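Report on the structure given below.
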Amino acid sequence: MFLLHRRDQTFEQVHPLTVSFLGIEQKVVLVVGILAFVGISYFNNKNQPPVTPTATTASKESNQSETSGEATENSSQAVQGSSDHLLKLSAKERADEATEAFESWYKSFSNGDVILEINKELLKEGSGGTSPIELQTKLIDNLKAKFGDKVSDDFYTGLQASFNFNPVIVDGTKGLTISKQNDDKSQLLRTWFLDTQKTEKNTKIVLRNDFPYEWADWRNKGQHDEKVGSMFSQIDWDNDLRYEVIGLVTSKQEKNIENIGGVFVVMQYNEKIGKWQVSGTIGGVM
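So the number in the working numbering is just where the residue sits in the sequence shown, counting from 1, plus 253.
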């Protein structure tokens with residue numbers, strides 16, 4: 254299903270103008286809304302102050318499929334006008350720059366690179382393990398060190414929100430894993446590039462970069478499409494040149510943690526540092 258916010262809309266067929274490249278033969282659902290991140294602590298740790306969730310989701314059921322979803326956007330609102338650099342470029346040049354920036358991030362790590370590892374002793378029954386908060390904090394710190402400024406700050410805040418719903422834990426059978434403990438499958442969007450090395454007694458979380466991808470023409474086609482035009486509607490596509498979309502197929506490669514059909518990653522041009530970044534704005538297909 255398509256996952257984003259603001260309005261919900263159900264349809265049976267992926268529209269060829271915007272998402273046919275995903276090659277996913279299944280019924281697709283669009284749900285629209287906005288997620289403003291605040292830390293929602295899934296585990297009620299007495300050392301952590303309680304936080305009130307402020308996410309909103311829209312859902313409805315039809316006789317053919319069920320919709321659920323999440324939309325996420327940058328904390329800064331889209332503004333009319335863009336930097337001199339972007340204004341000097343053609344539409345193709347902007348798309349090429351954004352795609353190259355995505356590739357620079359995506360190829361900055363190898364498929365299977367270890368991003369979090371625990372001692373095998375933690376797999377033993379009665380060892381006490383490590384708390385989910387410690388594990389996810391260490392994982393995000395490692396990602397920051399790995400990715401640098403190739404991704405935006407809200408990339409991490411969104412990932413933190415996902416871990417609050419689907420925590421990083423040491424499971425008695427699976428070992429170190431990202432455990433789906435929430436019915437909202439949209440929370441899986443954030444972890445599309447993460448996996449475990451093994452299905453049982455795992456000690457390593459690894460990075461994945463083996464999913465095919467391509468630029469999606471959201472500005473000229475996607476936003477005007479009657480079926481999926483509501484996706485990323487928080488962005489002023491007609492006036493704000495700072496955004497482009499990259500689509501990836503994730504369903505054709507197996508994963509050890511629960512997978513989704515595909516994701517749409519929004520690239521944002523950061524005017525302060527003069528470069529494109531992988532942003533925290535993401536949509537997806539279940």
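For each residue, glycine too, the CB sits at the ideal point set by N, CA and C. Nothing here was measured: the structure is a model prediction, and the numbers come from that model.
If you run the structure through DSSP and keep just helix, strand and coil, what is residue i?
i	result
G401	helix
L447	strand
Q530	strand
T452	coil
T352	helix
G500	strand
W468	strand
D406	helix
F416	helix
N523	strand
I386	helix
D437	coil
D337	helix
D457	In the sequence under discussion, the amino acid at residue 457 is Lys, which differs from the Asp named in the question. In this structure, K457 counts as strand in the three-state DSSP scheme.
E374	helix
Please report the Cβ distance between residue i and residue j, rounded to the nearest whole angstrom; I am assuming they are in contact, meaning their Cβ atoms lie under 8 Å.
i	j	result
V531	K341	With a Cβ gap of about 23 Å, V531 and K341 do not count as contacting.
D448	I499	About 19 Å; that fails the 8 Å criterion.
G537	S405	Actually they do not touch by this definition, with Cβ atoms about 18 Å apart.
F416	Q450	With 8 Å as the limit, F416 and Q450 do not qualify as a contact, their Cβ atoms being about 19 Å apart.
Got a sec? Which residues, its chain only, sit under 6 Å from residue i by beta carbon, not counting five neighbours each side?
i	result
I393	Y409
W445	T503, V516
P465	V502
A351	E497, M520, W529
Spatial neighbours of residue i within its chain, please: C-beta separation below 8 Å, excluding the five flanking residues on both sides.
i	result
T361	Contrary to the premise, residue 361 reads as Ser rather than Thr in this sequence. Excluding positions up to five away in sequence, the list reads K399, F400, K403.
N372	T456
Does the Cβ of residue i have 16 or more other Cβ atoms within 10 Å, making it buried, or fewer, making it exposed?
i	result
N419	buried
A354	buried
D337	exposed
S483	buried
I526	exposed
A469	buried
Give me the residue from the options with the minimum Cα distance to residue i.
i	options	result
V367	A351, E511, T456, I431	T456
E497	I526, Q450, T534	T534
Q476	D493, Y466, R461	D493
L460	S357, L396, W468, E346	L396
So, at 7 Å on beta carbons, what are the nonlocal neighbours of residue i in its own chain, with the 5 sequence-adjacent residues on each side left out?
i	result
D463	N364, Q506
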